[in-house]
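As given, the protein sequences belong to chains A, B and C, one line each in that order.
Going by the UniProt record's numbering, 198 is the number at position 198 of the first sequence; the sequence numbering is gapless.
Going by the UniProt record's numbering, 392 is the number at position 392 of the second sequence; the sequence numbering is gapless.
Going by the UniProt record's numbering, 73 is the number at position 73 of the third sequence; the sequence numbering is gapless.
For each residue, glycine too, the CB sits at the ideal point set by N, CA and C.
All values reported here derive from a predicted model rather than from experimental measurement.
Down below is the structure, laid out as structure tokens.
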Amino acid sequence: MKRHLLEAADLDRADATLVLDTAAQIDQALAGREVKKLPTLRGRTVVNLFYEDSTRTRISFELAAKRLSADVINFSAKGSSVSKGESLKDTALTLEAMGADAVVVRHSSSGAPHRLANWVRGSVVNAGDGTHEHPTQALLDAYTIRQRLGRLEGVRVAIVGDVLHSRVARSNVGLLHTLGADVTLVAPPTLLPVGVGSWPAEVSYDLDAVLPKVDVVMMLRVQAERMNASFFPSAREYSRRYGLDARRMGVLPDDAIVMHPGPMNRGMEIAAEVADSARSTIVEQVANGVSTRMAVLYLLLGGAPA
Amino acid sequence: MTSYLIKGARPCGGEPADILLTDGRIAAIGESLSATGAEVVEAAGLIALPGLVDLHTHLREPGREDAETVETGSRAAALGGFTAVHAMANTDPVADTAGVVEQVWRLGQEAGLVDVVPVGAVTVGLAGERLAELGAMADSAARVRVFSDDGHCVADPALMRRALEYVKAFDGVVAQHAEEPRLTVGAQMHEGDRSARLGLTGWPAAAEEAIIARDVLLAEHVGARLHVCHVSTAGSVEILRWAKSRGVQVTAEVTPHHLLLTDACAESYDPVFKVNPPLRTDADVEALRAGLADGTIDAVGTDHAPHAVEDKESEWAQARPGMLGLEQALAVVIETMVEPGRLDWAGVADRMSVRPAAIGRLDGLGDRSQGRPIAPGEPANLVLVDPAARATVDPAALASRSRNSPYAGRELPGRVVATFLRGTATVLDGKATR
Amino acid sequence: MARAPEPARSTAPGGAPGTLLTSADVARVVDRMAHQLIERAASGRAEDGADGGLADLVLVGIPTRGAPLARRLAARIEAFTGTRVDVGTADITLYRDDLRLRGVRALEPTVLPDAGIDGRLVVLVDDVLFSGRSVRAALDALRDLGRPRVVQLAVLVDRGHRELPIKADFVGKNVPTSRSQQVRVHLAEIDGADEVLVTDGEPGVREPRGEEAR
Ligand SMILES: [Zn+2]
Numbered sequence: 001m002k003r004h005l006l007e008a009a010d011l012d013r014a015d016a017t018l019v020l021d022t023a024a025q026i027d028q029a030l031a032g033r034e035v036k037k038l039p040t041l042r043g044r045t046v047v048n049l050f051y052e053d054s055t056r057t058r059i060s061f062e063l064a065a066k067r068l069s070a071d072v073i074n075f076s077a078k079g080s081s082v083s084k085g086e087s088l089k090d091t092a093l094t095l096e097a098m099g100a101d102a103v104v105v106r107h108s109s110s111g112a113p114h115r116l117a118n119w120v121r122g123s124v125v126n127a128g129d130g131t132h133e134h135p136t137q138a139l140l141d142a143y144t145i146r147q148r149l150g151r152l153e154g155v156r157v158a159i160v161g162d163v164l165h166s167r168v169a170r171s172n173v174g175l176l177h178t179l180g181a182d183v184t185l186v187a188p189p190t191l192l193p194v195g196v197g198s199w200p201a202e203v204s205y206d207l208d209a210v211l212p213k214v215d216v217v218m219m220l221r222v223q224a225e226r227m228n229a230s231f232f233p234s235a236r237e238y239s240r241r242y243g244l245d246a247r248r249m250g251v252l253p254d255d256a257i258v259m260h261p262g263p264m265n266r267g268m269e270i271a272a273e274v275a276d277s278a279r280s281t282i283v284e285q286v287a288n289g290v291s292t293r294m295a296v297l298y299l300l301l302g303g304a305p306a
Numbered sequence: 001m002t003s004y005l006i007k008g009a010r011p012c013g014g015e016p017a018d019i020l021l022t023d024g025r026i027a028a029i030g031e032s033l034s035a036t037g038a039e040v041v042e043a044a045g046l047i048a049l050p051g052l053v054d055l056h057t058h059l060r061e062p063g064r065e066d067a068e069t070v071e072t073g074s075r076a077a078a079l080g081g082f083t084a085v086h087a088m089a090n091t092d093p094v095a096d097t098a099g100v101v102e103q104v105w106r107l108g109q110e111a112g113l114v115d116v117v118p119v120g121a122v123t124v125g126l127a128g129e130r131l132a133e134l135g136a137m138a139d140s141a142a143r144v145r146v147f148s149d150d151g152h153c154v155a156d157p158a159l160m161r162r163a164l165e166y167v168k169a170f171d172g173v174v175a176q177h178a179e180e181p182r183l184t185v186g187a188q189m190h191e192g193d194r195s196a197r198l199g200l201t202g203w204p205a206a207a208e209e210a211i212i213a214r215d216v217l218l219a220e221h222v223g224a225r226l227h228v229c230h231v232s233t234a235g236s237v238e239i240l241r242w243a244k245s246r247g248v249q250v251t252a253e254v255t256p257h258h259l260l261l262t263d264a265c266a267e268s269y270d271p272v273f274k275v276n277p278p279l280r281t282d283a284d285v286e287a288l289r290a291g292l293a294d295g296t297i298d299a300v301g302t303d304h305a306p307h308a309v310e311d312k313e314s315e316w317a318q319a320r321p322g323m324l325g326l327e328q329a330l331a332v333v334i335e336t337m338v339e340p341g342r343l344d345w346a347g348v349a350d351r352m353s354v355r356p357a358a359i360g361r362l363d364g365l366g367d368r369s370q371g372r373p374i375a376p377g378e379p380a381n382l383v384l385v386d387p388a389a390r391a392t393v394d395p396a397a398l399a400s401r402s403r404n405s406p407y408a409g410r411e412l413p414g415r416v417v418a419t420f421l422r423g424t425a426t427v428l429d430g431k432a433t434r
Numbered sequence: 001m002a003r004a005p006e007p008a009r010s011t012a013p014g015g016a017p018g019t020l021l022t023s024a025d026v027a028r029v030v031d032r033m034a035h036q037l038i039e040r041a042a043s044g045r046a047e048d049g050a051d052g053g054l055a056d057l058v059l060v061g062i063p064t065r066g067a068p069l070a071r072r073l074a075a076r077i078e079a080f081t082g083t084r085v086d087v088g089t090a091d092i093t094l095y096r097d098d099l100r101l102r103g104v105r106a107l108e109p110t111v112l113p114d115a116g117i118d119g120r121l122v123v124l125v126d127d128v129l130f131s132g133r134s135v136r137a138a139l140d141a142l143r144d145l146g147r148p149r150v151v152q153l154a155v156l157v158d159r160g161h162r163e164l165p166i167k168a169d170f171v172g173k174n175v176p177t178s179r180s181q182q183v184r185v186h187l188a189e190i191d192g193a194d195e196v197l198v199t200d201g202e203p204g205v206r207e208p209r210g211e212e213a214r
């Protein structure tokens, strides 16, 4: 494993598989236990540095670190020196002085974790940067797919929605490709980046044509405000063409699953009855997030300094 | 005033000759010259070029003297072989009045290292709404001929048309920063495969090309001179080639960084590579080199853009665009154009001195002319270059007050050994004389 | 005064690692340990007032090689007594206190018998006992897995150099070694053949090897 986890490309197939296997072992080791805590990272310090509000991701990382007995410092940009104009570099030097062994960073600017990695000695884990990547989300998604379908190799995955602005999509395309899955991106052309043709994924504008041929549908959050910038004409038209409703769910193969990284816009990209159906993995994804992040922290921090 | 006898330099790469500089002029050129009392400069193996002229320099004074001043920028320019630089108008206050351009001009005179030629803003406050007092700036002591809202595009087509027309009265030129603003909202880097992967908002080539296409049509329509700043795409070169073939009075510049670097640099997320227009693809770089070689692109303009550390040591999106250029411009041209055989030394003199001076109308100012041939009687503006020397760029060693060089750690050819401004050495032995 | 243990004969002049136990030796040692475990389980009934006998016993292997060793011991006990003995494995990786020094490794499953370990005689099984840190980690892991009545320790090889007050209850073979030597247990299930080797460590290597080098 590399020292940092900044993007899906930091993981080759062996590393990615090791993370998933480790998460599975951790899950198994903790299954049915009353005290879900391991002493593994006792004495290590994990800093959650969140420049963007994301309670669910922060809590997931916090729980992961605490279950491994690490000391956790939550450093929220809101209301701290950060919001008073302290630069990322100054914050990095502060964290360095605190002796952070790992910095979990969420930032609205693409590449901020890469910058941070130049300035701290500890491991940097990207918990979502701008419209770039969110690698632990991709790991937990891959873990969830493997758990449900028993494999990743050859699994057909449709990623549907605002690919252009989605760090989840970028990380998933990269990681799922690394792990041997076949990815199809489905979106209106306005919500696909120029240059998407260079990605290891198929591209389709037609959700109905893709759905019967996939094992996994991953719905991305679409912000209704995008229509103000003319990415699509209206929320209603978007949802009619690219939303996953009960009718569309009906054309999926029998054992296909429906995923969503959350938070969902029910009625926009996903209908309530789909989100709450047996195909939906949305709740598992949350649980799997903790074990996957435990595996990442263990593998990055447990090891000898390379 | 000291006389200098330059021994054995090759004027524009020609046969070695001695060059005698006396009283601010080139007194003689020939074999085995001697002159009593003249300081001898041994120049065997060195190339002599006319003093370089930059059409596009950000000196930051007034307003951001922490990033650069007229004096530090002038010193950087002299060390880069320049004898004249055009100081862009996006200072604070903006150079949109006779008072500000005269202040900049005077600071340049006081520094005395290069001729600092102020560029006037096209619109008041660079706001793109109404014309600044272009005539007053033209008539001022600063004698402004180049007008630009650089940093911003004069996006309103009607306003651009009026500006092009109006400056005809004093033989001015509008230097356009070609960027359709509605296509570059939030843009961070070239829009393409890499921006898609890096999750940085794309700056499409079409946003530049659309403005250039519009402006060459406007310039043709009103019979005015148009200069295009920092051309960065292959498509722009094509449009310029087409416009020139139609006889449009359009000139263009390319920056050193667009001749050398590509959007691959953005993969580091190091904002030292963030610039506007952004670094483009290999194919664009190739088209720009070809365009400079065949004269479609007239000049190299550095777009020297110093930035304080805090404006660059940050997240990519928060960083300000721009990079240093004055001290490495000639080296980059040697690396990308001379060494591959695409431009000879006469070509370098043409693209880095003669043509930019002509565009800025600096070539007919008598004793104060720039971009003149190396010939007896001409003003003694000269640079001596060692083409064989190679050095690794160390930002800490630069004369600029800022450190945002995209060439840090890169080995580049060509060392400026000496620069003469009207017979006065501003650089000797590779060091600034003041 | 304790006499310093004589280091094991190791590398022959030709460089071949010294063999401590051959395949046949390993089989014999395992059989003997199986008999000792049977006796312990039987006597446990009297000593502890428990009535489990062999049914009370759980052999918990410490991966990697403790796991197949535990299964072998169970198989031999069954062969000798006709009684099936519960076997489990407890991966201790996440309980180690020396990760910082030794780096991560892939986790292995922790599997306990359906009946669990609460109230039972748990015998931890490992291949080599060296510093004792693995056993300490295993004890920590066991604490999270249940509450055994008694925990004991069985190892194929005890090579000395303890760093903790830990002692094995069942030892296949005691082997005095020097710290720099390496003891390597090979088992057919993992390595293709049974044997126990001792080799000289590289000069300057001071890290404990053997039980740690799993
Ligand atoms: Zn510009």
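Check	Outcome
Per-residue DSSP class, three states only, for Ala304 (chain A)	Since pLDDT at Ala304 (chain A) reaches only 49, below the 50 mark, its modelled position is unreliable, and the value read off the structure follows with that caveat. The answer is coil: DSSP assigns Ala304 (chain A) none of H, G, I, E or B.
Beta-bridge pairing of Ala187 (chain A) - partner residues as DSSP gives them	Beta-bridge pairing links Ala187 (chain A) to no other residue.
Any 3 or more C-beta pairs closer than 8 Å across the segment 358-371 of chain B and the segment 265-283 of chain B	no
beta-carbon Asp284 (chain B) near ligand 1 non-hydrogen atom, thresh 7 Å	no
Rounded separation between Val41 (chain B) and Lys7 (chain B) - CA only	6 Å
Chain A contact for Glu208 (chain B) (CB, 8 Å cutoff)	no
For Leu124 (chain C), the three-state DSSP class (helix, strand or coil)	strand
For residue 317 (chain A), the first and last residue of its enclosing beta strand (DSSP E)	The shown model of chain A, from 1 to 306, leaves out residue 317 (chain A), and the question about it has no answer.
DSSP state of Met1 (chain C) mapped onto helix, strand, coil	Its pLDDT being 45, under 50, Met1 (chain C) is placed unreliably by the model, and nothing is read from it.
Straight-line gap, Val286 (chain A) to Arg33 (chain A) (C-alpha atoms, nearest Å)	19 Å
Expected contact under 8 Å - CB spacing of Thr392 (chain B) and Arg410 (chain B) to nearest Å	7 Å
Under 7 Å, CB to nearest heavy atom of ligand 1: contacting residues	B:Asp150, B:Gly151, B:His177, B:Cys229, B:His230, B:Asn276, B:Asp303
Proximity test, Cβ basis, 8 Å: Asp126 (chain C) and chain A	no
Other residues of its chain near Pro305 (chain A): CB distance less than 7 Å, five sequence neighbours each side excluded	In this prediction, Pro305 (chain A) scores a pLDDT of 43, lower than 50, which makes its location untrustworthy; the coordinate-derived value is nonetheless stated afterwards. Result list for Pro305 (chain A): empty, nothing under 7 Å.
The segment 326-334 of chain B in contact with the segment 367-381 of chain B per 3-pair CB rule at 8 Å	no
7 Å CB neighbourhood of Leu26 (chain A) in its chain, flanking five on each side removed	The sequence shown places Ile at residue 26 (chain A), not Leu. Here the set comprises Ser291, Met294, Ala295.
Local Cβ density within 10 Å of Arg44 (chain A), reported as buried at 16 or more and exposed below that	buried
Delimiting residues of the beta strand (DSSP E) encompassing Ser204 (chain A)	202-204
Span of the beta strand (DSSP E), counted from its first residue to its last, around Gln182 (chain C)	182-186
Cβ pair Ala252 (chain B), Cys12 (chain B) closer than 8 Å	no
Nearest-angstrom Cα separation, counted from Asn48 (chain A) out to Thr57 (chain A)	10 Å
Contact with chain B by His132 (chain A), beta-carbon distance below 8 Å	yes
Cα-Cα separation between Pro165 (chain C) and Trp316 (chain B), rounded to whole angstroms	56 Å
Within 8 Å, strictly: CB atoms of Val157 (chain C) and Gly66 (chain C)	no
Neighbouring residues, chain B, relative to Gly32 (chain A) (Cβ below 7 Å)	What Gly32 (chain A) touches in chain B: nothing, since even the nearest Cβ is about 40 Å away.
Extent of the continuous beta strand (DSSP E) run through Pro413 (chain B)	411-421
Beta-carbon proximity list for Ala201 (chain A), same chain, < 6 Å, skipping 5 on both sides	Val173, Val183, Leu185
Contacts of Ala115 (chain C) in chain A (Cβ-Cβ under 8 Å)	Those within 8 Å of Ala115 (chain C) in chain A number zero; the least Cβ separation is about 14 Å.
Residue environment, Phe80 (chain C), which counts as buried when at least 16 other CB atoms sit within 10 Å	exposed
Start-to-end residues for the alpha helix (DSSP H) that takes in Phe61 (chain A)	55-67
Chain B within 8 Å of Pro305 (chain A), Cβ atoms only	Any reading at Pro305 (chain A) needs caution, since the residue's pLDDT is 43, under 50, leaving its predicted position unreliable; the model's value is listed next. For Pro305 (chain A), the answer is no, since every Cβ of chain B falls outside 8 Å of its Cβ.
Buried/exposed call for Val26 (chain C), threshold 16 Cβ in 10 Å	buried
Partner residues on chain B for His107 (chain A), Cβ-Cβ distance less than 9 Å	Glu315
Residues that Ile73 (chain A) bridges to, as DSSP identifies them	A:Val47
Option nearest Val185 (chain C) by Cα separation, candidates C:Arg179, C:Thr177, C:Asp194, C:Asp200	C:Asp194
Other residues of its chain near Arg161 (chain B): CB distance less than 7 Å, five sequence neighbours each side excluded	Leu218, Val222
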